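Participant: Counting in the numbering used here, the sequence shown runs from 1 upward without gaps.
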Amino acid sequence: MRFLFSISLLFIVFLKTTAQTKQKDLEKNYEKAIKSFEKNDFKEGYTYLAECLKIDSTWHDALYSKAFFELEEEDFQKAEKSFSKLIHHYPKDTLAYLGRARAKVNLDLFEQAFRDVQRVLQMDSTHVQALTDMGYVYASAGFPKTAQEYLDKALKYSPENNAIYQLKSYAYWLDKDLDGATIYADKALEKNKNNLEALKLKAYISYEKDKYQETIKTFESVLKKDKYAFEEDDFYYWGMAHYKLKNYKKALEIFQSYPESQNPYLAYGESIAYFQTKQYEKAWQATLKAENKKQDLPAEFYYDKAIIAHYNQRKTEAKDNYSHALSMMPELFLQKNSKDEKAEVITDAGKLLNSSFTKTELENLLVLAYQERSLNLLQENDKKQALKDVEKALKMDSLNSKSYTIRGIVYAMEGDFQNSNKDFEKAEKLPKERNYEYLYLMRGLAAAEAENFGQAVYYMDKTIAANPQNPSYYAEKAHILFEIDSVEEALQNIDKAIALNPKEPEYRLDKIGYLYGDDQIDKVLTESEDLLKLDPDTIEVYYFRGMAHLAKNNKQQAKKDLEYFLVFYPDDQEAQKALQSIK
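(1) What would DSSP say about Y473, mapped onto helix, strand or coil?
(2) If you reduce the DSSP assignment to three classes, tell me which class P144 lands in.
(3) Going by CA-CA distance only, name the one from L196, A163, L201 that's closest to A584.
(4) Classify H88 as buried or exposed, calling it buried when 16 or more other Cβ atoms lie within 10 Å of its own Cβ.
(5) At which residues does the alpha helix (DSSP H) containing V222 begin and terminate?
(6) Restricting to Cα atoms, I'd like to know which of N435, L430, E428, F482 is closest to F453.
(7) Roughly how many whole angstroms lie between the Cα atoms of I34 and E80?
(8) When burial is assigned at 16 or more other CB atoms within 10 Å of the CB, is D61 buried or exposed?
(9) Only counting the same chain, and skipping five residues up and downstream in sequence, which positions put a Cβ closer than 8 Å to that of V367?
(10) Consult DSSP for H310 and reduce its assignment to one of helix, strand or coil.
(11) Spatial neighbours of K187 within its chain, please: CB distance less than 6 Å, with the 5 preceding and 5 following residues excluded, ordered by chain position.
(12) Of all the options Q580, V345, G408, which has the alpha carbon lying nearest to the alpha carbon of L375?
(13) When you compare the CB positions of V128 and Y97, do they come within less than 8 Å of one another, or not?
(14) For the alpha helix (DSSP H) that V345 lies in, which residues bound it at each end?
(15) Output needed for Y268: all residues of its chain with C-beta closer than 6 Å, excluding positions within five of it in sequence on either side, in chain order.
(16) Alpha carbon to alpha carbon, how far is Q385 from L612? Give it in angstroms, no decimals.
(17) Hey, L178 and I205 are a contact pair by Cβ (cut 8 Å); roughly how many whole angstroms apart?
(18) Taking the C-alpha atoms as reference points, what is the distance between P159 and A171?
(19) Alpha carbons only, please: which of S327, K552, I539 is nearest the one belonging to E563?
(20) Helix, strand or coil for F357 per DSSP?
(21) Is it the case that the Cβ atoms of Y243 and A251 are separated by a distance below 8 Å?
(22) Can you tell me which of L107, M329, K66, A154 puts its alpha carbon nearest to the alpha carbon of L86?
(23) Can you tell me whether I55 is buried or exposed, with buried defined as 16 or more other CB within 10 angstroms of its CB?
(24) Under the assumption that T405 contacts A427 (Cβ atoms under 8 Å), give the Cβ distance between them as a whole number of angstroms.
(25) Specify the secondary structure class of L245 as computed by DSSP and reduced to three states.
(26) Relative to the alpha-carbon of N364, which residue among A185, H324, F230 has its alpha-carbon at the smallest distance?
(27) Just to confirm my understanding: we take D340, look at its own chain, exclude 5 residues before and 5 after, and list those with CB closer than 6 Å. What are they?
(28) Could you check the C-alpha separation between Q557 and Y90 for me, to the nearest Å?
(29) For A19, I'd like the list of residues in its chain whose CB is within less than 7 Å of its CB, leaving aside the five on either flank, ordered along the chain.
(30) Quick one: give me the first and last residue of the alpha helix (DSSP H) that Q285 is part of.
(31) Compute the distance between the beta-carbons of R545 and D530, then report whether it is under 8 Å.
(32) What are the start and end residues of the alpha helix (DSSP H) that includes W173?
(33) Helix, strand or coil for Y136, going by three-state DSSP, please let me know.
(34) Please classify D389 as buried or exposed, where buried requires at least 16 neighbouring CB atoms within 10 angstroms.
(35) Note down, in chain order, each residue of its chain lying with its Cβ closer than 6 Å to the Cβ of I216, except the 5 sequence neighbours on either side.
Here is the structure:
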């Protein structure tokens, strides 16, 4: 479920702060553009904005409007580029960063979106829209609890904010906290009974509570208020509510009512509805249509696709899709045997397909799945559950090198380096699924975490020997070497990383940091210029360049760079002290 409320708010805020144009032609074309957009004539609107930009290619109002309406049209790639252009000309424009973050979220570029919103918060830690948008980014990236922290901060500065209530309800819904979701959806509706997004959230909540008639009733009430209010996800849940009530014909009608949709879940819903009406070939074709729209579908899709393949006498496809589903999500295999691990699928594939596998094949699939899920949980910093999963893998196969490697990582993250080393040593001795490159990398990083830098360098060398074409390995080794004051070796390794990936700004920024730490001031200035040509949005480089200019007594340039850096990092004490020394 997507929310566009803060996009419209971005434009409202922008319009309130737009200065009157000094040029009549600009004003005339701009007014025509806005009127065209209001009439939903986007092509004409962009034409008038283009006329504005012919007169003044850097005019803020036209650049912003172009980016905003591209975002509203959901042309996220164009919007991202347009906001980047705006930021290039107006690097302190907070709304431009928030707009670009919104575009990046919709392109699944979550890390970049975090960075953009963070820049606004570095300029103003009480910026309500930025706090709200950070909540949106975290929720979209799958971290609803962290989202709530930012939304609570936003509410402190803007109590009874309807948009924040709505987003809090959404985050609670994502976190399966249906009581919390209900409380905040109701709060949003108390302030505005015609808040259609909050009404739709109530439908989503009803669906999760298995109250399907209530779900349908709520969705239909939304359509009565605005027949154009539905987005792709809304059609999916509306159709699934009918599916759950075994109204398969109506469910099919809803799933098929948005033929231009690129949402694979509508096609997925279509496939299972066809299956329930015993139209197995149509069900199979619908699964292919879903895959054509998006490749990273959930494990349940492949599980259901395997069942549909079986009913179509496609034995190879049935086995392949069942294997793929189990490799993604082992609890699918356990769904009939465990209350804690279950999934919503059309029937039990195990009864149909387990006979296609040997016992060893099934165990290998499940071991792999538990390993992968353990690693995913580690990325979310859920060490406790990650340990449980990898121990499930070890219980099924106690001679698996990869499982001991993963458990070694868990122990290292918990600070238990003794047990971590024991598991790494076991992993190195066992041949099954042993991956020396990965094992040595983890040993090197764990040793660095334990501040055993000699061992860390030793294992990073072994990692690089296993794969000398990976630039990140040289960068990691450079970090470790710099920690132990081996600056020359650190520079040699970061240069190797840059040679392998010359377009990565982080490697160049690392190099500048090492040069600055070694008082190689002239090289800091040269490398800073090169980095800014590559990526003008790398704000941290302004600190190093400013300090280098100060060391060479170029006070005006130093002042300019440090002031710009402090816009984004106002609490940086070193930059503050340096700036004060100039004044």
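Backbone N, C-alpha and C fix where the C-beta goes; we use that ideal spot for every residue, glycine too.
These numbers were taken from a predicted model, which means no experiment stands behind them.
Facilitator: According to the structure data:
(1) Taking the first residue of the sequence shown as position 1, residue 473 is located at position 473. If DSSP states are grouped into helix, strand and coil, Y473 belongs with the helices.
(2) The residue given as residue 144 occupies position 144 in the sequence shown. When DSSP states are grouped into helix, strand and coil, P144 belongs to the helix group.
(3) Given that the chain is displayed from residue 1 to residue 583, the structure contains no residue 584 and the question cannot be resolved.
(4) On the sequence shown, residue 88 is found 88 positions in, with the first residue counted as 1. Residue burial is scored here from C-beta neighbours: H88 has fewer than 16 other C-beta atoms within 10 angstroms and is therefore classed as exposed.
(5) The residue you call residue 222 lines up with position 222 of the sequence shown. For V222, the enclosing alpha helix (DSSP H) starts and ends at 212 to 225.
(6) For this step, residue 453 is matched to residue 453 along the sequence shown. Selection N435, L430, E428, F482 evaluated against F453 yields F482 as nearest (Cα-Cα).
(7) Here residue 34 refers to the residue found at position 34 of the sequence shown. Here residue 80 refers to the residue found at position 80 of the sequence shown. Rounded to whole angstroms, I34 and E80 show a C-alpha spacing of 20 Å.
(8) As a first step, residue 61 is located in the sequence shown; it is residue number 61 there, counting from the start. When all chains shown are included, D61 counts as buried.
(9) Taking the first residue of the sequence shown as position 1, residue 367 is located at position 367. Here the set comprises A393, M396, D397, N400, S403.
(10) Taking the sequence shown and counting its residues from 1, the one referred to as residue 310 is at position 310. Helix.
(11) By one-based count along the sequence shown, residue 187 stands at place 187. Apart from the 5 residues on each side of it in sequence, K187 sits with its Cβ closer than 6 Å to the Cβ of Y165 in its chain, given in chain order.
(12) Residue mapping note: residue 375 aligns to position 375 of the sequence shown, counting from 1. Out of Q580, V345, G408, G408 has the C-alpha closest to the C-alpha of L375.
(13) Along the sequence shown, read from residue 1 onward, the residue named residue 128 stands at position 128. Along the sequence shown, read from residue 1 onward, the residue named residue 97 stands at position 97. Contact flag unset, no.
(14) As a working mapping, residue 345 is identified with position 345 in the sequence shown. Premise fails: V345 is in no alpha helix (DSSP H) and is neither H nor E.
(15) The sequence position of residue 268 within the sequence shown is 268, counting from 1. Result list for Y268: A290, F301, in chain order.
(16) What the structure shows of the chain is the stretch from 1 to 583, and residue 612 is not part of that stretch, so it cannot be assessed.
(17) For the purposes of this step, residue 178 is identified with residue 178 of the sequence shown, where counting begins at 1. For the purposes of this step, residue 205 is identified with residue 205 of the sequence shown, where counting begins at 1. I205 and L178 do touch by the CB rule: their CB atoms are close to 5 Å apart, below 8 Å.
(18) Position 159 of the sequence shown holds residue 159. Position 171 of the sequence shown holds residue 171. Taking the straight line joining both Cα atoms gives about 18 Å.
(19) Start at 1 with the first residue of the sequence shown, and residue 563 comes out as number 563. A check of alpha carbon separations from E563 across S327, K552, I539 identifies I539 as the nearest.
(20) On the sequence shown, residue 357 is found 357 positions in, with the first residue counted as 1. Three-state DSSP puts F357 in coil, outside helix and strand.
(21) The residue given as residue 243 occupies position 243 in the sequence shown. The residue given as residue 251 occupies position 251 in the sequence shown. It is a contact, given that the beta carbons lie within the stated cut-off.
(22) Within the sequence shown, residue 86 is the residue found at index 86, counting from 1. The option with the nearest alpha carbon to L86 is K66.
(23) Within the sequence shown, the letter at position 55 stands for residue 55. I55 should be labelled exposed.
(24) Here the question's residue 405 lines up with position 405 in the sequence shown. Here the question's residue 427 lines up with position 427 in the sequence shown. The pair is a contact, with the Cβ atoms about 4 Å apart (cut-off 8 Å).
(25) Walking along the sequence shown from the start, residue 245 turns up at place 245. The answer is coil: DSSP assigns L245 none of H, G, I, E or B.
(26) Mapped onto the sequence shown, residue 364 falls at position 364. Ranked by Cα distance from N364, the first of A185, H324, F230 is H324.
(27) Position 340 of the sequence shown holds residue 340. Per-residue confidence for D340 stands at a pLDDT of 44, beneath the threshold of 50, marking its modelled position as unreliable; the derived number appears in the next sentence. Excluding residues within five positions, none has a Cβ falling inside 6 Å.
(28) The residue labelled residue 557 in the question sits at position 557 within the sequence shown. The residue labelled residue 90 in the question sits at position 90 within the sequence shown. So the alpha carbons of these two residues sit roughly 19 Å apart.
(29) Position 19 of the sequence shown holds residue 19. Unreliable positioning characterises A19 in this predicted model, as indicated by a pLDDT of 44, which lies under 50. The coordinate reading is nonetheless provided below. Here the set comprises nothing.
(30) Residue 285 sits at position 285 when you count from the first residue of the sequence shown. Start and end: 280 to 293.
(31) For the purposes of this step, residue 545 is taken as residue 545 along the sequence shown, with counting starting at 1. For the purposes of this step, residue 530 is taken as residue 530 along the sequence shown, with counting starting at 1. No, the Cβ-Cβ distance between R545 and D530 is not below 8 Å.
(32) Along the sequence shown, one-based indexing puts residue 173 at 173. Here the alpha helix (DSSP H) through W173 covers 162 to 174.
(33) Stepping through the sequence shown from its first residue, residue 136 is reached at position 136. Note: Y136 maps to helix in three-state DSSP.
(34) In the sequence shown, the residue the question calls residue 389 occupies position 389. Of the residues assessed, D389 falls on the buried side of the cut-off, its CB having 16 or more other CB atoms within 10 angstroms.
(35) For the purposes of this step, residue 216 is taken as the residue at position 216 of the sequence shown. Cβ within range, chain order: A241.
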